[in-house]
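Novice: The structure follows.
Protein chains: 2
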Amino acid sequence: MVKPLIQKLEQFAKLSDEDRQVLEDAARDVKVIGPRQDIITEDDEPNDVHLILDGWAARYKMIPNGDRAILAYLIPGDLCDIHVTLLNQMDHSIGALSTCRVAFIPRQKMDEIMRRDGQLGRAIWWSTLVDEAILREWLVNMAHRSADKRLAHFICEMLLRSKAVGLTDDDSFELPLTQEELGDTMGLSTVHVNRTLQDLRAQGLITSRGKRLIVNDVDRLFEFSDYNPNYLHQVGGHKRDR
Amino acid sequence: MVKPLIQKLEQFAKLSDEDRQVLEDAARDVKVIGPRQDIITEDDEPNDVHLILDGWAARYKMIPNGDRAILAYLIPGDLCDIHVTLLNQMDHSIGALSTCRVAFIPRQKMDEIMRRDGQLGRAIWWSTLVDEAILREWLVNMAHRSADKRLAHFICEMLLRSKAVGLTDDDSFELPLTQEELGDTMGLSTVHVNRTLQDLRAQGLITSRGKRLIVNDVDRLFEFSDYNPNYLHQVGGHKRDR
DNA sequence: CGCAAGATTGAAGTACGTCAATTCCAGTGG
DNA sequence: CCACTGGAATTGACGTACTTCAATCTTGCG
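These protein sequences, in sequence, are chains A and B. Numbered by my numbering, the letters in the first sequence go through residues 74 to 315 in order. Numbered by my numbering, the letters in the second sequence go through residues 74 to 315 in order.
Below you can see the structure in the form of structure tokens.
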């Protein structure tokens, strides 16, 4: 049930059978959330931590002018907001994009897990630090790269993150996003997203078949987008020397 | 010595005299860092947590194309990277912009502080969650707002953050940044930063005298930049209804 | 089969970047 | 007190990556 999370955490630390069991127990309360439904809404004061088991969700903010800013994608194995309860209320929302299975972990349970001795708490910390590093890299991406490299960079990241939770098939993976959602993520119009994707396809960097995206040549895509995966702090894979 | 930090934390929780003393003791090892010098450099594996006592520093990444992306500003009272030691190595650098006094707090000491019972640990957590919320808001800002609103939004934030640590004088504060640094922050050319600032001045929103920036009418600047300070999770001040 | 939502296209506008010159200003040395 | 310097701010002219609008075409799905 919590396989993706475990797989992700084990990149960083070896978990004991007990650790695994603790996670299984914590994630018993599973709800299915339909596409376009919120998991948490701005101004909420949530009492649970949410773990995505299946499907894609997005962290987003609405801007007074009507724009939607997507701030992060949450895929299987991702925990949302381990410690938000410390803050008075949410300053953003989290919504399901596709149909999601989400485990609701009671705040108190989560606190216990984090306080346990051993590797589990450390590993979860590590994953939240990586989430923050991703946010920083997105900031670099939005403010400093052109549309084509920006999109390519994003694709590199989602490929590696999908791979880390066992959701890839060679170098292809499900990218269940509309071009409008991509635009809200990258700060681009849908028209420009469309043309830019065509461009990447024309360059032979990617291929898409429905919602499945195929990276034809990972090295070339990395090269093209100046992709340095160090911020994901994954072990083993994908070193990049510069 | 650690007054700004204490002042900031007390927005969130009442600290005991003992809490205050613990902070004082932890921040004994103070170093002066000159402008343009790094406090931590990418790929370092730091053993200390750094607390800015005086001056401005910036979190930044260099991009292969030679650009510098500024990801955050660190002002007095800001702690850098409470828990980076969990990750193998830094994925970005932190550099002093002006001359900075920085307290080097040994990792172990910091761990003890976070484990103590009572309000101090909670308050420090709160401040790191706010740092992350700031990062998200910056992402919104870069990807979804025009240059003039983007700059205005940034100025609103720095005004409130400066105010929270007692560095404002009415609605004016020191902004020791060059236009090039502003550009590296906002993803704009220096030329465009220059023209945009002139524009804000011409609209009567701000005035600058050397490195001191005066906000002429906070409400108007908030209005202009769609500024909603909820993400700073400050108590009391500056509610915004929409 | 039929309908929406999404993807694609074309044409025209604009907010920004680039390049290169000039002016301003704080600090330094005489 | 002034002249000199180098970094920062400012300006003008021009180029371009993106946006906007509005139409059409495609696709998944009841």
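Idealized CB from N, CA, C, for every residue including glycine.
#1: Please report whether the beta-carbon of I159 (chain B) lies at a distance below 7 Å from any beta-carbon of chain A.
#2: Which word fits P302 (chain B), buried or exposed, when buried means at least 16 other C-beta atoms lie within 10 angstroms of its C-beta?
#3: A142 (chain A) touches chain B at which residues, Cβ-Cβ below 8 Å?
#4: Would you tell me roughly how many angstroms separate the C-alpha atoms of A275 (chain B) and V105 (chain A), rounded to the nearest one?
#5: Touch check for the region 270 to 289 of chain A and the region 232 to 247 of chain B: three-plus C-beta pairs under 8 Å?
#6: Return yes when the Cβ of V291 (chain B) is within less than 7 Å of the Cβ of D243 (chain B), no when it is not.
#7: If contacts are defined as beta-carbon pairs under 8 Å, then D299 (chain A) and K222 (chain A) qualify, I think. What distance do you get, rounded to the angstrom?
#8: If you draw a straight line from the alpha carbon of D154 (chain B) to that of P119 (chain B), how long is it in whole angstroms?
#9: Could you list the residues in the region 293 to 305 of chain A with a C-beta less than 7 Å from some C-beta on chain B, going in chain order?
#10: Anything in chain A within Cβ reach of I136 (chain B), meaning under 9 Å, just list it in chain order.
#11: Is P249 (chain A) near S166 (chain A), with beta carbons less than 7 Å apart?
#12: In angstroms, rounded to a whole number, what distance separates the CA positions of M187 (chain A) and H265 (chain A)?
#13: When DSSP labels each residue in this structure, what does R313 (chain A) get in the three-state scheme?
#14: Taking a Cβ distance cut-off of 9 Å, strictly less, list which residues of the region 97 to 129 of chain A are near chain B, in chain order.
#15: Is Y304 (chain A) helix, strand or coil by DSSP?
#16: Thinking just about the alpha-carbon of each residue, which of B:G260, B:Y304, B:T158 and B:K81 is nearest to the one in S219 (chain A)?
#17: With burial defined as no fewer than 16 other Cβ atoms inside 10 Å of the residue's Cβ, what is the status of E253 (chain B): buried or exposed?
#18: Is DSSP giving S245 (chain A) helix, strand or coil here?
#19: Between the Cα of L255 (chain A) and the Cα atoms of A:F227, A:E247, A:L233 and A:T158, which residue gives the shortest distance?
#20: Taking C-alpha atoms, which residue in A:P179, A:W211 and A:G194 lies nearest to I143 (chain B)?
#21: How many Å lie between K312 (chain B) and D92 (chain A) at the Cα?
#22: Please confirm whether L208 (chain B) has its beta-carbon closer than 7 Å to some beta-carbon of chain A.
#23: Rank B:H217, B:T258 and B:Y304 by C-alpha distance to the C-alpha of R139 (chain A) and give the top, closest one.
#24: Helix, strand or coil for L88 (chain A), going by three-state DSSP, please let me know.
#25: Report yes if the CB atom of D127 (chain A) is closer than 7 Å to the CB atom of P149 (chain A), and no otherwise.
#26: Report, in whole angstroms, the separation of the C-beta atoms of L208 (chain B) and L124 (chain A), which I expect to be a contact under 8 Å.
#27: Check whether the Cβ of L96 (chain B) lies closer than 6 Å to any heavy atom of the ligand ZN, and answer yes or no.
#28: Counting only beta-carbon atoms, is E83 (chain A) nearer than 7 Å to chain B?
#29: Would G139 (chain A) count as contacting chain B if we go by Cβ distances under 7 Å?
Specialist: With the given structure in hand:
#1: Note on residue identity: the sequence assigns Leu, not Ile, to residue 159 (chain B). For L159 (chain B), the answer is yes, since a Cβ of chain A falls inside 7 Å of its Cβ.
#2: Around the Cβ of P302 (chain B), a 10 Å sphere holds 16 or more other Cβ atoms; the residue is buried.
#3: L212, V213, A216 and H217
#4: 53 Å
#5: no
#6: no
#7: 7 Å
#8: 10 Å
#9: D299, N303 and Y304
#10: V213, H217, R218 and D299
#11: Contact: no.
#12: 44 Å
#13: Only weak support is given to the placement of R313 (chain A): the predicted model assigns it a pLDDT of 46, under 50, and the value that follows is read from those uncertain coordinates. Correct three-state label for R313 (chain A): coil.
#14: E115 and D116
#15: helix
#16: It is B:G260.
#17: exposed
#18: strand
#19: A:F227
#20: A:W211
#21: In this prediction, K312 (chain B) has a pLDDT of 48, which is less than 50 and means its spatial position is unreliable; what the coordinates show is noted afterwards. Going from the Cα of K312 (chain B) to the Cα of D92 (chain A) covers about 43 Å.
#22: yes
#23: Here residue 139 (chain A) turns out to be Gly, not Arg, going by the sequence shown. Nearest option by C-alpha distance: B:H217.
#24: Three-state result, L88 (chain A): coil.
#25: Result yes, Cβ atoms of D127 (chain A) and P149 (chain A) sit closer than 7 Å.
#26: In fact, because the Cβ distance is near 22 Å, the residues do not count as touching under 8 Å.
#27: Ligands in the displayed structure: none, and consequently the ligand ZN is not present.
#28: Taking Cβ atoms only, chain B never reaches closer than 7 Å to E83 (chain A), which makes this a no.
#29: no
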